[in-house]
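Participant: Can you keep this structure in mind? I'll have questions shortly.
Protein chains in written order, with this note's numbering: chain A, 6 to 140; chain B, 6 to 116.
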């Protein structure tokens, strides 16, 4: 999947879970532009929600920034980051999130580096046309 | 300009045994406090909980954690806890996380 040259949609929200629903709505619209079917769009809404939840829980209170790249006929990539003072990720807190992200994406990562918590996921359209939901 | 409707509500019927708890809408990190509070109220009745998730249109790991915590507490206090209905969204995320294996089988699960 290649979305590296795709236009970037940037969404900045306060590190407050009341804004996650707006992000889910935005991802739904962008994924529709990308040609995903309804089931995968639901997956992507769950995926971006898990990213927002995970990063917000370890943020230092500053804004969460998401960058979404959609390549029609190719796929979608979501990158997100937030400043943090955390040194480690509490794996017990994110066990469900990791399970969910592993199903709804082709690949994903959650990392801590240089005072920032980062997460990304990718989902290709090809998987939709192939083995589908991964469950 | 009118007031927007809440995107998540929880209703309790304390007259039923077990207490019927009906969640409607989107269960995410912003609504876990309400869900936790309402499940706590139901738990205090002491008659067990029948949780209806048939009208839940979205659920994430935050919502799952609330349910898992209540399930654990019910097991510890030997109170019945069943999910009486589950929407397609709920069934899907339960399957993703294996949490469905923790729940008692229910013929009334619907989508």
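Beta carbons are placed, not taken as given, at the ideal position from N, Cα and C, and that holds for glycine.
1) Once the 5 residues before and after residue 135(A) are set aside, which same chain residues still bring their CB inside 7 Å of it?
2) Mind pulling the chain B residues with CB within less than 8 Å of residue 65(A)?
3) Below 8 Å on the Cβ atoms is my guess for residue 1(B) versus residue 104(B); work out the distance and round it to an integer in Å.
4) Less than 9 Å between the beta carbons of residue 23(B) and residue 53(B), yes or no?
5) In chain order, which alpha helix (DSSP H) runs of at least 4 residues are fully inside the region 31-90 of chain A?
6) Alpha carbon to alpha carbon, what distance is there between residue 33(B) and residue 85(B)?
7) May I ask whether a heavy atom of the ligand HEM can be found less than 8 Å away from the beta carbon of residue 97(B)?
8) Determine whether the Cβ of residue 25(A) lies closer than 9 Å to any Cβ atom of chain B.
9) Buried or exposed: which applies to residue 19(B), given that a residue is buried once 16 or more other Cβ atoms fall within 10 Å of its Cβ?
10) How would you call residue 80(A), buried or exposed, if buried means at least 16 neighbouring beta carbons within 10 angstroms?
11) Would you tell me roughly how many angstroms separate the C-alpha atoms of residue 42(B) and residue 48(B), rounded to the nearest one?
Facilitator: The answer reads as follows:
1) Below a pLDDT of 50, predicted positions are generally treated as unreliable, and residue 135(A), at 43, falls in that range; the measurement from the model is reported next regardless. Excluding positions up to five away in sequence, the list is empty.
2) Among the residues of chain B, none has a CB under 8 Å from the CB of residue 65(A); the nearest is roughly 17 Å distant.
3) Residue numbering for chain B in the displayed model covers 6 to 116; residue 1(B) lies beyond these limits and cannot be assessed.
4) Contact flag set, yes.
5) When DSSP assignments are scanned along the region 31-90 of chain A, the uninterrupted stretches of alpha helix (DSSP H) that are 4 or more residues long and fall wholly within it turn out to be 43-62.
6) Whole-angstrom Cα-Cα distance: 25 Å.
7) As for the ligand HEM, it is missing from this structure, which has no ligand bound.
8) For residue 25(A), the answer is yes, since a Cβ of chain B falls inside 9 Å of its Cβ.
9) Classification for residue 19(B): exposed.
10) When all chains shown are included, residue 80(A) counts as buried.
11) Approximately 10 Å between the Cα atoms of the pair.
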